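First residue of the sequence shown? That's 2 in my numbering, and the numbers climb one at a time after it. Reading through the structure tokens given below for one structure.
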Amino acid sequence: MFNFLLNKKKEEKYRKNIQQIKEFEKVIANYSDSELKKQTHKLKQQLNNGLNLDQIIAEALATVKEAIKRSTGIVLFDVQIMGSIVLHEGKIAEMKTGEGKTLVAISCAYLNALAEKGVQIITVNDYLAKRDATLARQIYNYLNMTVGLVESSTTSAERRKQYYNDLVYITNSELGFDYLRDNMTVDKNSIVQQRFNFAIIDEVDSILIDEARTPLIISGPFQAATGKYEKSKNAAVALQKNVHYEIDEKARNISLTETGISKCEEILEVDNLYNINNSWTQYILNAIKAKELFLKNVHYIVKNDQIIIVDEFTGRIMEGRRWSDGLHQAIEAKENTRIQQENKTLASITYQNLFLIYQKLAGMTGTAKTEETELDKIYRLEVVEIPTNKICQRKDLPDLVYKTEYAKWHAIANECFDMYQIGRPALIGTTNVEKSELLANMLSKLNVPYNLLNAKPENVARESEIISQAGRKRAITISTNMAGRGTDIILGGNAYSISKIIIINYIKNKLRLDTSFDFNSIDNNIYSILQELDTQKIDKNIDINEYVEKAINTRKNMRKSNRPIYDIYKKILNYYISIFQKEKEEVLQLGGLYVIGTERHESRRIDNQLRGRSGRQGDTGSSRFFLSLQDNLLRIFGGDKIFNLMQTLSIDNNTPIESPILSKSLDSAQKKIESYFFDIRKQLFEYDEVINNQRQAIYAERRRILESNFTRDCILEYGESTINEILSAYKKQESIDNKRMLLKQIKRLLNLTENFNINSVIIMNNEQIEVFLYEQLRISYDLRESYLEQLRPGLIRQLEKYYLLQQIDKAWQEHIEKMTLLRESIGWRSYGQQDPLIEYKNEGFNLFINMVTYIRQTVVYLTMRSRLIVNIKQ
Numbered sequence: 002m003f004n005f006l007l008n009k010k011k012e013e014k015y016r017k018n019i020q021q022i023k024e025f026e027k028v029i030a031n032y033s034d035s036e037l038k039k040q041t042h043k044l045k046q047q048l049n050n051g052l053n054l055d056q057i058i059a060e061a062l063a064t065v066k067e068a069i070k071r072s073t074g075i076v077l078f079d080v081q082i083m084g085s086i087v088l089h090e091g092k093i094a095e096m097k098t099g100e101g102k103t104l105v106a107i108s109c110a111y112l113n114a115l116a117e118k119g120v121q122i123i124t125v126n127d128y129l130a131k132r133d134a135t136l137a138r139q140i141y142n143y144l145n146m147t148v149g150l151v152e153s154s155t156t157s158a159e160r161r162k163q164y165y166n167d168l169v170y171i172t173n174s175e176l177g178f179d180y181l182r183d184n185m186t187v188d189k190n191s192i193v194q195q196r197f198n199f200a201i202i203d204e205v206d207s208i209l210i211d212e213a214r215t216p217l218i219i220s221g222p223f224q225a226a227t228g229k230y231e232k233s234k235n236a237a238v239a240l241q242k243n244v245h246y247e248i249d250e251k252a253r254n255i256s257l258t259e260t261g262i263s264k265c266e267e268i269l270e271v272d273n274l275y276n277i278n279n280s281w282t283q284y285i286l287n288a289i290k291a292k293e294l295f296l297k298n299v300h301y302i303v304k305n306d307q308i309i310i311v312d313e314f315t316g317r318i319m320e321g322r323r324w325s326d327g328l329h330q331a332i333e334a335k336e337n338t339r340i341q342q343e344n345k346t347l348a349s350i351t352y353q354n355l356f357l358i359y360q361k362l363a364g365m366t367g368t369a370k371t372e373e374t375e376l377d378k379i380y381r382l383e384v385v386e387i388p389t390n391k392i393c394q395r396k397d398l399p400d401l402v403y404k405t406e407y408a409k410w411h412a413i414a415n416e417c418f419d420m421y422q423i424g425r426p427a428l429i430g431t432t433n434v435e436k437s438e439l440l441a442n443m444l445s446k447l448n449v450p451y452n453l454l455n456a457k458p459e460n461v462a463r464e465s466e467i468i469s470q471a472g473r474k475r476a477i478t479i480s481t482n483m484a485g486r487g488t489d490i491i492l493g494g495n496a497y498s499i500s501k502i503i504i505i506n507y508i509k510n511k512l513r514l515d516t517s518f519d520f521n522s523i524d525n526n527i528y529s530i531l532q533e534l535d536t537q538k539i540d541k542n543i544d545i546n547e548y549v550e551k552a553i554n555t556r557k558n559m560r561k562s563n564r565p566i567y568d569i570y571k572k573i574l575n576y577y578i579s580i581f582q583k584e585k586e587e588v589l590q591l592g593g594l595y596v597i598g599t600e601r602h603e604s605r606r607i608d609n610q611l612r613g614r615s616g617r618q619g620d621t622g623s624s625r626f627f628l629s630l631q632d633n634l635l636r637i638f639g640g641d642k643i644f645n646l647m648q649t650l651s652i653d654n655n656t657p658i659e660s661p662i663l664s665k666s667l668d669s670a671q672k673k674i675e676s677y678f679f680d681i682r683k684q685l686f687e688y689d690e691v692i693n694n695q696r697q698a699i700y701a702e703r704r705r706i707l708e709s710n711f712t713r714d715c716i717l718e719y720g721e722s723t724i725n726e727i728l729s730a731y732k733k734q735e736s737i738d739n740k741r742m743l744l745k746q747i748k749r750l751l752n753l754t755e756n757f758n759i760n761s762v763i764i765m766n767n768e769q770i771e772v773f774l775y776e777q778l779r780i781s782y783d784l785r786e787s788y789l790e791q792l793r794p795g796l797i798r799q800l801e802k803y804y805l806l807q808q809i810d811k812a813w814q815e816h817i818e819k820m821t822l823l824r825e826s827i828g829w830r831s832y833g834q835q836d837p838l839i840e841y842k843n844e845g846f847n848l849f850i851n852m853v854t855y856i857r858q859t860v861v862y863l864t865m866r867s868r869l870i871v872n873i874k875q
């Protein structure tokens, strides 16, 4: 068995489950493929007959385990089965890199898909979603279940179909944007999502922690003069740090000094920088942030004259994403690219509130234990550490700290040179594009061959190829942050991955399609095998990746006239397996994969993810961080003291210090930063919870209207509410003139022209007025309906729905804007000894009530007064 990292009670429960699964497995192993497919129907029947998922868990997981074995040849480890059970319980399974999380998710998803309520597996990018969906389809073919895939390029009509599958793979951003778009649509047939039942989040810490700092926003163009950005940029250039402005690097904030304010007013030729009618503050602060805090090739790259954000956690470029509140425009001005229009928020939601919609949530990652408090408090998710299948033999060596950054990079380059000479593979994790290219240039001067993976588009295209071969002998791989890469580094090389990549790139090369693959690196034996491929009969317009994937997984999809790609793949695979197996033994003798960290990250998790690339499945390996006193983390958190100590001890630039005390202080600094960002996310969540309750109410009302076939009742309900609201004010009035004014307001709003004499109404008691106005509302509306129906049958229903949705959307967008302004200004209340959050809740509630009143009155007014001009063709 294995050593559990759990308490005795849980350990006994999981042992019992795994034993039951093995009993079922003995029986199911003898089933034919058609009998195995029937298992799904049988298990669904058991659920229909009153059993629950917990009662069929053993047989279901035994069934999917057999399907995985038949489709991939992989036999699940006991720890993987345990991971599936943990996910089914709605918890987070912390499993180290290389432990097979993809198959764990597929197993758990099968069990939960039997309930026919929908299961979604959420990944961090399209590549992983597509890769895992392909594998899941291969397995689910044996189980008579369907697998859907939603990518950024998937059309709206196709999305709807994909969501109806038993299991759906989707990225976190696409899921969120689909949710927002569904709640903005004016046609119920355009709604793509069905229900939020069960979600399994891959790289759960990356999505629920790192991504949760920024809400998802759908924006629309907003007319605003772009000249202010250019003027602000010029002003920012003229300002000096620590004279005109100060930077809080910990909080990433800018504050202008008195001198700075005066200087800005002089440059911009304005009397008051903070004039509410012509405010420049936000523009100036963003221009200084763009100048000081947002660096090219670190936080963004310039591609095709556009500013593309680089994800600081994964090192990936984020196409289509823009910084909000004018920051993106400030960076565009800084880089002299075309300044695009500002956007107005049409709909938004935080990841916290998006995922809390699910009935059941689970997740998996290699590193979540350091954030378990936040995951429990906000998402109510418990983190369960799953033991590794084989004991981890990686050695995490103490950090080496150099006096200067130059000395650090010089030492890293020399370390890479030494590793290359002895043949040991090394993976160097850098924090940004600039640093990765600096090291690449240094290695070039030392004549050390390397592979570079960073956010630059030409490198991203080779991501899978680079990472899958990072474990080969003499491989030196430089990569920006390794979080969520999703491709295993197998010592000696990944034969399966390289065989597929070579075939795909050979076909693309022959069809004259885009490929950056270096064919000079291919063995002559492999090249001669590839020449057996008949590429002339392959359609260059199809997706070559998918074409080859299908061919590898099943021969049936290939034309008989073609030399089967499957056979060629097998030849190449067998050739590489024999070579890579020998290489693996040599690499293990050399100490396995050596991971080098070049800077401590703000979060310990990212450091652990980098370390976790070494020591996969019990392999030997080691990791070490090379740091300098000029690194951001050390510089901000007390590097000066250590620098003075090194000066006192006369330690030269090329001599590192290695101290457990220093490592502990770094850990302490990281904990402080993690705590700081947790507070930011917690505050974001608390404030968004206020608007989330309002969002749920508005979206529920909107969905009710959208799905209703008879909206007349809704209009009448709005009309009666409007009458009640005005009569409530009417009852409090003592002045006859004020009462008359309110009755005139009702008359105008409801378009009451028939039999409505204010003098005769004013003498009635309150109850009589209410009954009379309700009656007048219905009479007036019947007349309006009759008039419009004569013009065009069904027109009144269309108008009702149009006005309802139009006014709800318009009012909600304006409400979001008001809530944003309120949020930005509410912090000042703390100086008056008031809790800003409580004040935000109270004022937000009042704004919401006002919005609802406005929607009702406007919809009733527009519907009651609608006119139609009919063009009669002669």
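C-beta: ideal position from N, C-alpha, C; glycine also. Please read these numbers as outputs of a predicted model, since none were measured by experiment.
The three-state secondary structure of L447, taken from DSSP, is coil.
By the neighbour-count criterion, in which a residue is buried when 16 or more other Cβ atoms sit within 10 angstroms of its Cβ, D203 is buried. In terms of Cβ geometry, F199 and V120 form a close pair [threshold 9 Å].
The bridge partners DSSP lists for L168 are V120, V148. Excluding its 5 nearest sequence neighbours in each direction, K409 has C-beta neighbours in its own chain below 7 Å: Y403, F627, L628, S629, listed in chain order. By the Cβ neighbour-count rule, D306 is exposed, with fewer than 16 other Cβ atoms within 10 Å of its own.
Scanning its chain for C-beta atoms nearer than 8 Å, with the 5 sequence neighbours on each side dropped, one finds around I763 the residues I737, K740, R741, L744, in chain order. For the segment 168-210, the continuous beta strand (DSSP E) assignments of 3+ residues that do not extend past its boundaries occur at 168-172, 199-203, in sequence order.
In the three-state DSSP reduction, T854 falls in the helix class (H, G or I).
Counting only residues of its own chain and dropping the five nearest sequence neighbours on each side, K189 has a CB closer than 8 Å to the CB of L707, E708. Closest by C-alpha distance to I479, out of Y497, V449, I797, is V449. In the displayed model, M96 falls within coil according to three-state DSSP, outside both helix and strand.
Between K232 and L274, the C-beta spacing is not below 9 Å. Beta-bridge analysis with DSSP links G828 to no other residue. Taken in chain order, the complete alpha helix (DSSP H) segments of 4 or more residues contained in the segment 348-429 are 352-356, 373-380, 406-423. For a cut-off of 8 Å, the C-beta gap from D689 to N354 is around 6 Å, short enough to register as a contact. D249: member of the beta strand (DSSP E) spanning 246-249, first to last residue. With contact defined as three or more Cβ pairs closer than 8 Å, the segment 492-512 and the segment 462-477 are in contact. Boundaries of the alpha helix (DSSP H) around F679: 661-708.
Rounded to the nearest angstrom, the gap between the Cα atoms of L357 and Q684 is 16 Å. For the pair I123 and T371, the Cα-to-Cα distance works out to about 22 Å. Beta-bridge partners assigned by DSSP to V303: I308. Under the three-state reduction of DSSP, M765 is assigned to coil, being neither helix nor strand.
About 14 Å separates the CB atoms of K297 and K234; that is not less than 8 Å, and the two are not in contact. Scanning its chain for C-beta atoms nearer than 6 Å, with the 5 sequence neighbours on each side dropped, one finds around K118 the residues N198, in chain order. Look at the beta carbons and you see the segment 593-605 touching the segment 417-433: at least three pairs across the two are nearer than 8 Å. Per DSSP, the continuous beta strand (DSSP E) segment holding N254 begins and ends at 254-257. No residue range can be given for N298, since it is assigned to no beta strand (DSSP E) and is classified by DSSP as neither H nor E. Spatial neighbours of F295 in its own chain (CB-CB distance under 7 Å, excluding positions within 5 residues in sequence) are listed in chain order as Y301, I332. With respect to the C-alpha of L112, the residue from Q532, Q808, Q40, A158 having the closest C-alpha is Q40. Comparing alpha-carbon positions, the option among Q814, A812, N184, G845 lying closest to I827 turns out to be G845. The segment 609-616 makes no contact with the segment 574-582; the number of CB pairs closer than 8 Å stays below 3. For T478, the enclosing beta strand (DSSP E) covers residues 477-481. 9 Å or more divides the Cβ of I809 from the Cβ of I850.
L512 and D653 have their C-alpha atoms spaced approximately 57 Å apart. Annotation for Y570: the continuous alpha helix (DSSP H) segment containing it runs 566-591.
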